[in-house]
Amino acid sequence: MAKSLILYDGNCVLCNRSVQFLQPRQKPGAIEYAAQQTEHGKSALKDCGLDKRRLDMLVLVENGRCYLRSTAALRAFRYLHFPWPLLFSLIIVPSFLRDPVYNLIAHNRYRWFGRMPRE
Amino acid sequence: MTSGSKQSAPAFSIQLARPEHASKIRNLILRAGINPTALKWECFLIAITPHGEFIGCGQIKSHSDGTMELASIAVELAWRGRGVARAIIDSLLASNPGELYLMCQSSLGPLYEKFGFHAISETEMPTYFRRVSKLAGVLANLAKAGEHLLVMRRLPTANG
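Chains D and Z are the protein sequences, given in the same order.
Per this note's numbering, the first sequence starts with residue 1, numbered consecutively.
Per this note's numbering, the second sequence starts with residue 1001, numbered consecutively.
And the structure:
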């Protein structure tokens, strides 16, 4: 089975810190990460049929299926060691309530957490 | 099971799901953004066209405390507004005359009232629904969402 892939905004401090949070807590080899601005990331986004200009959401590619926004974030917790997978239970709340909270954070991520410095 | 059209040729029919529908049910529920847990195909009714195209689904979900929930009602985008959900719900309700609960976004409340459901307060909710409702309330407040989660109940019907 192919590894699952998280596609995140590489310019965003919050997103990079989130990846740093996930990596040491994940089950070994369960998941890969790619910034959406990289060639790998762009290619994976294209496979998901997502517009490359709209880098405003977390994407999780799992068994060839693409999950977006809060669904992607919650599913990512399933790849971590206990007790983090318990957070996946929030998936029972419909996305019409989960995604607005996700969007609120996503739309303000640069303002609240900053941008990564340019190399 | 039931015809989905008032015209001579039915546009779709409602049937018991079979194993080959499991992945289609799951895919549709995921796209609809509703609870993707407890999706046993054996519990589902599906809407299907005469050509065998899967276009919608729904189930009566049984909870550990014995409460029953009308759940997982979803219809393919191209088929919305054509009575598919109504036909699925009618069939599910006809075979389940006992007390039923459901959770939906607040704008869908009037639709479910036509099926005999009424919104209930938190004190009337069984534990599972109260927990989800509280959680949903926190999220709705955080996002200042216009919609909120409605928990509704239909009392047992006369023949139940």
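Backbone N, C-alpha and C define an ideal beta-carbon position, used for all residues, glycine too.
Would you say residue i lies against chain Z (beta-carbon separation less than 8 angstroms)?
i, result
"Val125 (chain D)", "Missing from the structure shown is residue 125 (chain D); chain D here goes from 1 to 119 and no further."
"Ser43 (chain D)", "no"
"Val59 (chain D)", "no"
"Phe96 (chain D)", "yes"
"Val13 (chain D)", "no"
"Pro83 (chain D)", "no"
"Pro104 (chain D)", "Looking at the sequence provided, one finds Leu at residue 104 (chain D) rather than Pro. By this cut-off, Leu104 (chain D) is an interface position."
"Pro24 (chain D)", "no"
My understanding is that residue i touches residue j, with C-beta atoms under 8 angstroms, so please give their C-beta distance in whole angstroms.
i, j, result
"Leu1070 (chain Z)", "Leu1092 (chain Z)", "6 angstroms"
"Ala1074 (chain Z)", "Gly1056 (chain Z)", "6 angstroms"
"Leu1139 (chain Z)", "Arg98 (chain D)", "6 angstroms"
"Ser1072 (chain Z)", "Leu1039 (chain Z)", "7 angstroms"
"Ile92 (chain D)", "Val1132 (chain Z)", "6 angstroms"
"Ala30 (chain D)", "Tyr67 (chain D)", "Rounded, the Cβ-Cβ distance is 15 angstroms, inconsistent with contact."
"Gln1105 (chain Z)", "Pro94 (chain D)", "7 angstroms"
"Tyr1128 (chain Z)", "His1063 (chain Z)", "5 angstroms"
"Ala44 (chain D)", "Val61 (chain D)", "6 angstroms"
"Leu90 (chain D)", "Ala1143 (chain Z)", "Actually they do not touch by this definition, with Cβ atoms about 14 angstroms apart."
"Ala35 (chain D)", "Leu5 (chain D)", "No, Ala35 (chain D) and Leu5 (chain D) are not in contact; Cβ-Cβ is about 11 angstroms, not under 8 angstroms."
Name the chain D residues whose beta carbon is nearer than 9 angstroms to that of residue i?
i, result
"Pro1126 (chain Z)", "In chain order: nothing, as chain D lies at least about 14 angstroms away."
"Glu1076 (chain Z)", "None at all; the shortest Cβ gap to chain D is about 17 angstroms."
"Gln1105 (chain Z)", "Pro94, Phe96 and Leu97"
Please decide whether residue i counts as near chain D, where near means a Cβ-Cβ distance under 8 angstroms.
i, result
"Thr1037 (chain Z)", "yes"
"Ile1073 (chain Z)", "no"
"Ala1011 (chain Z)", "no"
"Ala1119 (chain Z)", "no"
"Gly1058 (chain Z)", "no"
"Gly1033 (chain Z)", "yes"
Can you tell me whether residue i is buried or exposed? The criterion is at least 16 other CB atoms within 10 Å of its CB, across all chains shown.
i, result
"Ala1094 (chain Z)", "exposed"
"Trp1041 (chain Z)", "buried"
"Gln1059 (chain Z)", "buried"
"Thr38 (chain D)", "exposed"
"Leu7 (chain D)", "buried"
"Leu1155 (chain Z)", "exposed"
"Arg75 (chain D)", "buried"
"Ser70 (chain D)", "buried"
"Ala1158 (chain Z)", "exposed"
"Asn1035 (chain Z)", "buried"
"Phe21 (chain D)", "exposed"
"Ala106 (chain D)", "buried"
"Leu120 (chain D)", "The structure shown does not extend to residue 120 (chain D), since chain D is modelled only from 1 to 119, so the question has no answer here."
"Lys1061 (chain Z)", "buried"
Using a C-beta to C-beta distance shorter than 7 angstroms, which residues of chain Z count as neighbours of residue i?
i, result
"Val93 (chain D)", "Val1132, Leu1135, Ala1136 and Leu1139"
"Pro28 (chain D)", "The premise fails here: Pro28 (chain D) is roughly 26 angstroms from chain Z at the closest Cβ pair, so nothing lies under 7 angstroms."
Interface residues of chain D around residue i at Cβ under 8 angstroms?
i, result
"Leu1161 (chain Z)", "The shown model of chain Z, from 1001 to 1160, leaves out residue 1161 (chain Z), and the question about it has no answer."
"Ala1143 (chain Z)", "Leu97, Pro100, Val101, Asn103 and Leu104"
"Ile1089 (chain Z)", "Result: empty, since nearest Cβ-Cβ is about 17 angstroms, beyond 8 angstroms."
Run down chain Z in chain order and give the residues with a C-beta less than 9 angstroms from the C-beta of residue i.
i, result
"Asp50 (chain D)", "Sequence check: residue 50 (chain D) is Leu here, not Asp. Residues of chain Z passing the Cβ test: none, with the nearest at roughly 15 angstroms."
For residue i, would you say it is in contact with chain B, using Cβ-to-Cβ distances shorter than 8 angstroms as the test?
i, result
"Ala72 (chain D)", "Protein chains in the displayed structure are D and Z, and chain B is not among them."
Quiz prompt | Inside the region 1073 to 1146 of chain Z only - beta strand (DSSP E) runs reaching at least 3 residues | solution = With a minimum length of 3 residues, the continuous beta strand (DSSP E) runs that stay inside the region 1073 to 1146 of chain Z are 1100 to 1105.
Quiz item: Considering only residues of the region 13 to 71 of chain D, which uninterrupted beta strand (DSSP E) runs meet the minimum length of 3 residues and lie entirely inside it, listed in chain order?
Solution: Entirely contained in the region 13 to 71 of chain D, the beta strand (DSSP E) runs reaching 3 residues are, in chain order, 31 to 35, 59 to 62 and 65 to 68.
Exercise. Run through the region 68 to 119 of chain D for me and flag every whole alpha helix (DSSP H) of 4 or more residues, listed as ranges in chain order.
Key: Listed in chain order, the complete alpha helix (DSSP H) runs (minimum 4 residues) inside the region 68 to 119 of chain D are 69 to 76, 95 to 107 and 109 to 113.
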